[in-house]
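Take a look at the structure below.
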Amino acid sequence: MNPLFKFILRIASSPKIDIQEDYVWIRRVQKILSKTTPAVFRYLDNKIYALDENQKQQHEIPVRMFYPKEKRYDESIIYIHGGGWVIGDIDTYTRACRNLADQMGRIVYSIDYRLAPEYPYPAGLNDCLRAVEVLLTPVEGDEEREWILMGDSAGANLAAAVSLRMKEENRRLPKKQVLLYPVTYWDHTEASPFESIRTNGHDYGLTIKKIQEYMELYVPDEEMRKERFISPLMAPDLTNQPDTLIITAEFDPLRDEGEAYGKALGEAGNEVVIHRVLNSVHGFITYPPFAEPLDQAYKAMRSFLDKQEERV
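In case it helps, my numbering puts the sequence shown at residues 169 to 480.
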């Protein structure tokens with residue numbers, strides 16, 4: 169790993185950063201940085217309406233549609249952004265989703281779900297479930313379109329949970345899912361059963377301290393964190409899930425639990441590909457497209473998604 173980049177990661181790993189106290193200014197910084205993004209990106213903003221958890225008050229779920237420079241496939245991607253369920257939105261992920269649309273040759277629909285701690289579990293999951301359900305509902309003239317569900321980090325956790333719930337509720341499932349360095353387990357302390365938590369959990373930007381702080385904001389009740397829609401690895405039944413690509417990063421504390429989820433899906437009879445991006449850390453989906461880790465990930469995605477797909 170580049171020594172300068174490793175030095176920057178060590179600074180970002182500072183224990184002085186407390187997510188539970190600092191998430192507000194982190195959001196503000198992200199907003200400022202996302203405003204530098206050029207406005208014309210071949211995208212269209214839309215919204216889906218949903219009821220809150222009490223089924224009384226209606227709210228909007230923003231959805232941003234990104235059109236690729238060259239549309240090569242009819243199937244579309246639904247993207248759920250990362251950020252520990254606490255930070256991130258469709259603005260901060262605009263570049264990532266634009267690049268993804270261009271690289272995959274598919275339309276990308278980015279979901280802007282409600283964030284913790286203002287809206288703890290299950291608010292964000294319910295928004296994602298509602299948006300995916302609406303998008304997957306066939307419309308006249310477009311009944312044959314296939315869908316790919318994709319997310320990174322906490323977004324990958326939400327994507328996995330959406331697939332589990334839709335299967336349990338006998339709803340239409342996406343054809344494939346791509347989970348980038350997903351959160352799949354509830355314990356990110358030194359007591360975790362996963363070795364990458366200990367070897368990668370202190371010096372590579374995303375620390376186990378931060379993961380625990382994010383989790384505490386999203387799900388304050390520790391016992392509830394063991395539920396399958398928060399910790400997909402705890403699900404008793406993983407059968408009949410979409411074909412799945414799991415992408416992990418070599419120096420990510422979440423590496424082992426993500427790969428363990430892929431293995432568990434495979435053992436349950438699902439089609440699964442696990443790809444570890446070497447010499448990389450958590451969060452590379454937001455890198456420039458020419459960055460080596462993201463280039464490796466794009467190649468793995470194209471190999472997985474383009475197989476047996478008909479071009480437009």
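Each residue gets a CB set at the ideal place from its N, CA and C atoms; glycine is no exception.
Exposure of residue i, with buried meaning 16 or more beta-carbon neighbours within 10 Å
i, result
"residue 354", "buried"
"residue 169", "exposed"
"residue 362", "buried"
"residue 302", "exposed"
"residue 212", "exposed"
"residue 419", "buried"
"residue 207", "Because the pLDDT of residue 207 is 49, which lies under 50, any placement of that residue in the model is unreliable, and the number read from its coordinates should be weighed accordingly. Label assigned to residue 207: exposed."
"residue 375", "buried"
"residue 459", "exposed"
"residue 315", "buried"
"residue 345", "buried"
"residue 433", "buried"
"residue 219", "exposed"
"residue 471", "exposed"
"residue 269", "buried"
"residue 243", "buried"
"residue 425", "buried"
"residue 468", "buried"
"residue 325", "buried"
"residue 222", "exposed"
"residue 447", "exposed"
"residue 173", "exposed"
"residue 176", "exposed"
"residue 306", "exposed"
Residues near residue i by beta carbon distance below 6 Å, same chain, minus five either side
i, result
"residue 445", "417, 461, 464, 465"
"residue 281", "292, 295, 296"
"residue 247", "265, 276, 278, 318"
"residue 271", "466"
"residue 252", "322, 382"
"residue 304", "315, 340"
"residue 454", "264"
"residue 245", "274, 276, 316, 318"
Cβ neighbours of residue i in the same chain (closer than 8 Å, five flanking residues each side left out)
i, result
"residue 183", "375, 377"
"residue 404", "396"
"residue 385", "187, 188, 191, 252, 253, 254, 284, 285, 288"
"residue 436", "405, 406, 407, 409"
"residue 427", "414, 416, 442, 444"
"residue 343", "243, 314, 315, 316, 410, 411"
"residue 359", "none"
Contacts around residue i, its chain only, beta-carbon distance under 7 Å, and the 5 residues preceding and following it disregarded
i, result
"residue 388", "288"
"residue 341", "331, 334, 335, 410"
"residue 228", "215, 217"
"residue 327", "248, 317, 318, 319, 345, 347"
"residue 230", "213, 215, 258, 280"
"residue 298", "216, 218, 229"
"residue 195", "255"
"residue 393", "354, 383, 387, 399"
Those residues which DSSP pairs with residue i across a bridge
i, result
"residue 315", "244"
"residue 215", "230"
"residue 346", "318, 413"
Min CB distance residue i to chain D below 7 Å
i, result
"residue 421", "Structure shown: chain D not included; a single protein chain is present."
Cβ-heavy atom distance, residue i to the ligand COA, below 6 Å
i, result
"residue 259", "Here there are no bound small molecules, and the ligand COA is not part of this structure."
Given 8 Å as the limit, is there contact between the region 406 to 415 and the region 330 to 348, that is, 3 or more CB pairs closer than that? yes
Taking one C-beta from the region 333 to 342 and one from the region 254 to 263 each time, how about it: are there three or more such pairs within less than 8 Å? no
Tell me the start and end of each unbroken beta strand (DSSP E) in the region 230 to 301 that is at least 3 residues and wholly inside, in chain order. Listed in chain order, the complete beta strand (DSSP E) runs (minimum 3 residues) inside the region 230 to 301 are 244 to 248, 276 to 279.
Please determine if the region 223 to 242 and the region 187 to 205 are in contact, where contact requires at least 3 C-beta pairs separated by less than 8 Å. no
Count the C-beta pairs between the region 341 to 356 and the region 387 to 404 that are closer than 8 Å, then say yes if the count reaches three, no if not. Inter-segment contact for the region 341 to 356 and the region 387 to 404 is present: three or more beta-carbon pairs are separated by less than 8 Å.
For the region 405 to 468, list the alpha helix (DSSP H) runs that are entirely contained and at least 4 residues long, ordered along the chain. Fully enclosed alpha helix (DSSP H) runs of 4 or longer: 423 to 435.
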